[in-house]
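Residue numbers (the numbering used here): 333 to 389.
A virtual CB, placed ideally from N, CA and C, is assigned to each residue, including glycine.
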C-alpha cells in the first residue's frame with residue numbers, strides 16, 4: 333500500500349480540525365500507528381516547494 337505524503341500532510345495538518353464522523357477523521361484514526369502528532373506545512377514561495385515538519389508522539 334502506498335500513501336501519498338500530500339494526503340498525510342492534509343490529514344495531520346496542525347491547524348485542521350475534522351468532525352468526528354468525517355472520512356478524514358476516520359483515516360487519521362486508522363493511521364495512528366504512524367505516531368504522528370501533527371504536520372506543519374509551509375509553502376516556500378521563493379523555491380515553490382512545500383516544506384513539512386513532522387512532530388511525532
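- From the listed residues 380, 370, 377 and 387, the smallest Cα separation to residue 347 is found for 370.
- Under the DSSP assignment, residue 385 falls in the beta strand (DSSP E) whose first and last residues are 381–388.
- Residue 358 and residue 385 have their C-alpha atoms spaced approximately 22 Å apart.
- Contact check for residue 360 against residue 382 fails: the beta carbons are separated by 8 Å or more.
- Pairing residue 365 with residue 354, the inter-Cα distance amounts to about 19 Å.
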